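Enquirer: In the order they appear, the protein sequences are chains A and B. For the first sequence, the tail end lands on 204 under my numbering, and the numbers increase by one without skipping. For the second sequence, the tail end lands on 557 under my numbering, and the numbers increase by one without skipping. Supplied in structure tokens, the structure appears directly below.
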Amino acid sequence: MTAALAFWLFAVVLLTAALMVITAKNPVHSVLWLITCFFNAAGLFILLGAEFLAMLLVIVYVGAVAVLFLFVVMMLDIDFRALRRGALNNLPLGLFVAGIILTETLLVATGWQAGQGVIVHEALAGPPAGMSNTQWIGSQLYTRYVFVFSMSGLLLLAAMVGAIVLTHRRRIGVKKQSIAAQTARTPAGTLGVGKAPLGQGVEL
Amino acid sequence: MTYTGWFIDQFGQGPGWFLATLTLILAIAFPVMVGVAMAVYADRKIWAAMQMRRGPNVVGPFGILQTFADAAKLFLKETIIPTGASQGVFLLAPMISFTLALVVWAVMPFDAGLVLADLNVGLLYVFAVSSMGVYGIIMSGWASNSKYAFLGGLRSAAQMVSYEVSMGFILVAVMMYAQSLNLSDIVMSQKGNVLGLLNGNIFNPLLFPLGIMFFITALAETNRPPFDLPEAEAELVAGYQVEYSSMSFALFFLGEYANILFMCALVPTLFLGGWLPPLDLPFLYVIPGFVWFLLKMAFMFFVFAWVKASVPRYRYDQLMRLGWKVFLPLSLFWVVVVSGWLMFTGHFESLPA
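Below, the structure is given as structure tokens:
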């Protein structure tokens, strides 16, 4: 009973929030609704008994990705209403692309027989005795799926290198603190005691 | 019969469980709130003592009721919402801050078995909730429609995200050592950890640097001095809180101190042996674990106040440098060191394959 109630609560809030993401007038409100979405998806994961995935979803998406996203959106000065004016014209195209993606997803989910390489459909029987499901995920991910795991890691690395190459530029004329130079300073290099004769001053 | 069992007998399965959990939540939240009041008082007293002042000394004996007087004053004030503010978000932000600061206590083990939710991913839960804490600040900063508040919110978002990364790596190392994400298991793994005599990861040379780093990141995560840039009085006149008055300000304030108290409880849980006495000697176990836990918490809070009173604020670029160029490589390297050590000493062989 409680689980069913919780499911409906999370599901309804999730879908409402998802709708609000695309309809909200203010982009910051959109991002806040998106965060609500993530959070409710994590709730659904917990109901499925996948608490490790739920926590990772909250930590990675809510705690890091969405914060940076919000950060950027808050500082943008774009009139989103002007951007959205042509939305209705592009609606058929958008629906068409969405339809293609949906069909493809359905094809993969229903028609594709798991064969060589990654095993998708084989249901695993649950963690062996004396092992929590978190340990189980670890032991599977780093043994059986280690190739897929490393490949996705490499993909992310490539994306990161690409982003850095695209955005990094050497700025000139920036004042930077060099801790090493500061601590390497000695009184001999910076301090001098000189005689200042009366009425003549000193030459520096 | 267990506590929850008694309720289920009296009121039936569903309502009994609900009532039992509700009372247990109140039994944690209420002492936390009183603890916050006392912590604010202690903070001000310690700070005053370091500066050779008297601190609060008028309301009640030794001024001990000062916080309650301040709270009453805040509750009686008028709530002001700025005209330019985004009202919904503006009001939501302090509630989020306060709720998250209380919710995180659910997994804290106060004694053996004395924990509301004994999650097997307790440490991740703590990390998840504390990483969400930034939303209260960033939302309030944006919704206030004020430059000071906005700058405070942005600073805070960047700061908390930066320090969470190294905090995560420190937690990974602790978790690998304990081979568990459950906070009670992590505490028990520290029993007789060093030489069979000392309880606590901090006494282990392998984990000692992590303990120090975790303490510093905890300061940064709770926006305590020397990392209190989001609310820097001098340049941002209290940053994200600047437009808030009465209740909504009180919620921020309470949430902030509840978070600080939680960090003061988390450092002992992860590094000082939680509810265990510092030495693994039988006669020390006569004192209940709860008392040890509170003592360690009080000690940690004293250190927090001590740091606040004695260290000047960082400059923002120095803060970022410390987070990304010092703590991140160091914690990442130390994860490799700890896992390598555990690998070569055969620590992982007990794991089921």
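Don't be surprised by glycine CBs; every beta carbon is placed ideally from N, CA and C. Only a predicted model underlies this, so the values are computations on that prediction, with no experimental measurement involved.
Within 8 Å of any Cβ in chain B, is that where the Cβ of T134 (chain A) sits?
Expert: yes
Enquirer: To the nearest angstrom, how far is the alpha carbon of A54 (chain A) from that of G63 (chain A)?
Expert: A54 (chain A) and G63 (chain A): Cα-Cα distance of roughly 12 Å.
Enquirer: Restricting to Cα atoms, I'd like to know which of B:F497, B:I464, B:D484 and B:V495 is closest to V511 (chain B).
Expert: B:I464
Enquirer: Counting only the same chain and skipping the five closest in sequence on each side, list residues whose C-beta sits under 8 Å from that of L534 (chain B).
Expert: S370, P413 and M417
Enquirer: Thinking C-alpha only, which one of B:V391, B:V293, B:N349 and B:R525 is nearest A362 (chain B)?
Expert: B:R525
Enquirer: Is the segment 504-518 of chain B touching the segment 244-263 of chain B, taking contact as three or more C-beta pairs under 8 Å?
Expert: yes
Enquirer: Got a sec? Which residues, its chain only, sit under 7 Å from A462 (chain B) by beta carbon, not counting five neighbours each side?
Expert: Once the five neighbours on either side are set aside, the close Cβ partners of A462 (chain B) are V236, V240, A305 and L306.
Enquirer: Output the boundary residues of the alpha helix (DSSP H) element that contains K277 (chain B).
Expert: Q270 to L280
Enquirer: Ends of the alpha helix (DSSP H) at S348 (chain B)?
Expert: Note, S348 (chain B): premise wrong, no alpha helix (DSSP H); not H, not E.
Enquirer: May I ask you to list the residues that DSSP assigns as paired with L526 (chain B)?
Expert: Answer is none; L526 (chain B) lacks a bridge partner.
Enquirer: For I172 (chain A) and S178 (chain A), I'd like the C-alpha separation in whole angstroms.
Expert: Straight-line measurement puts the Cα of S178 (chain A) at about 15 Å from the Cα of I172 (chain A).
Enquirer: So, do the segment 471-485 of chain B and the segment 388-404 of chain B have three or more beta carbon pairs nearer to each other than 8 Å?
Expert: Taking a cut-off of 8 Å for Cβ pairs, the segment 471-485 of chain B and the segment 388-404 of chain B touch, as three or more such pairs fall below it.
Enquirer: According to DSSP, simplified to helix, strand and coil, what is D315 (chain B)?
Expert: D315 (chain B) falls in the strand class under three-state DSSP.
Enquirer: Locate the alpha helix (DSSP H) running through V333 (chain B), then write down its first and last residues.
Expert: G326 to M336
Enquirer: Terminal residues of the continuous alpha helix (DSSP H) containing W562 (chain B)?
Expert: Nothing in the structure corresponds to residue 562 (chain B), since chain B is present only between 205 and 557.
Enquirer: For K25 (chain A), count neighbouring C-beta atoms within 10 Å of its own C-beta (all shown protein chains included) and say buried if the count is 16 or more, exposed if not.
Expert: exposed
Enquirer: How many angstroms separate the CA atom of G317 (chain B) from the CA atom of L5 (chain A)?
Expert: 29 Å
Enquirer: To test your reading of the DSSP string, which unbroken alpha helix (DSSP H) runs of 4 or more residues are found completely within the segment 480-528 of chain B?
Expert: 493-514 and 520-525
Enquirer: Candidates B:G264, B:D521, B:Y489 and B:K529: which alpha carbon is nearest N403 (chain B)'s?
Expert: N403 (chain B) has its Cα closest to that of B:Y489, out of B:G264, B:D521, B:Y489 and B:K529.
Enquirer: Applying a beta-carbon distance threshold of less than 9 Å, which residues of chain B neighbour L32 (chain A)?
Expert: V293, L296, Y339 and M343
Enquirer: Nearest chain A C-beta to N324 (chain B) closer than 8 Å, yes or no?
Expert: yes
Enquirer: Any C-beta of chain A sitting closer than 8 Å to the C-beta of A424 (chain B)?
Expert: no
Enquirer: Let me see if you follow: with CB-CB separation under 8 Å, is G218 (chain B) close to chain A or not?
Expert: Judged by the 8 Å Cβ criterion, G218 (chain B) is in contact with chain A.
Enquirer: Near C37 (chain A), what residues of its chain come up, given a Cβ to Cβ distance below 8 Å and the 5 sequence neighbours on each side ignored?
Expert: L14, A17, A18 and V21
Enquirer: Can you list, in chain order, the residues of its chain with a C-beta nearer than 6 Å to that of G130 (chain A)? Leave out the 5 residues immediately preceding and following it.
Expert: none
Enquirer: Quick one: which chain A residues come within Cβ less than 7 Å of A361 (chain B)?
Expert: V67 and F71
Enquirer: Let me confirm a value: D484 (chain B) is counted as buried when at least 16 other C-beta atoms fall within 10 Å, else exposed. Which label applies?
Expert: D484 (chain B) should be labelled buried.
Enquirer: Helix, strand or coil: how does DSSP classify L295 (chain B) here?
Expert: helix
Enquirer: Report yes or no: do three or more beta-carbon pairs, one from the segment 272-288 of chain B and one from the segment 307-315 of chain B, lie closer than 8 Å?
Expert: no
Enquirer: By the three-class DSSP mapping on this structure, what secondary structure does Q116 (chain A) have?
Expert: The predicted model places Q116 (chain A) with a pLDDT of 49, which falls under 50 and marks its position as unreliable; any figure quoted below should be read in that light. Correct three-state label for Q116 (chain A): coil.
Enquirer: Identify the continuous alpha helix (DSSP H) that holds F419 (chain B) and give its terminal residues.
Expert: F412 to E425
Enquirer: Let me know the secondary structure DSSP gives V73 (chain A) once reduced to three states.
Expert: helix
Enquirer: When burial is assigned at 16 or more other CB atoms within 10 Å of the CB, is S150 (chain A) buried or exposed?
Expert: exposed
Enquirer: Please list, in chain order, the chain A residues whose beta carbon lies closer than 9 Å to that of Y444 (chain B).
Expert: The contacting residues do not exist; Y444 (chain B) stays about 13 Å from chain A at best.
Enquirer: Do we get a CB-CB distance below 8 Å when we pair H121 (chain A) with the residues of chain B?
Expert: No answer about H121 (chain A) holds up, because its pLDDT of 49 lies below 50 and its placement is not dependable.
Enquirer: Taking its Cβ as the centre, do 16 or more other Cβ atoms sit within 10 Å of P197 (chain A), making it buried, or is it exposed?
Expert: exposed
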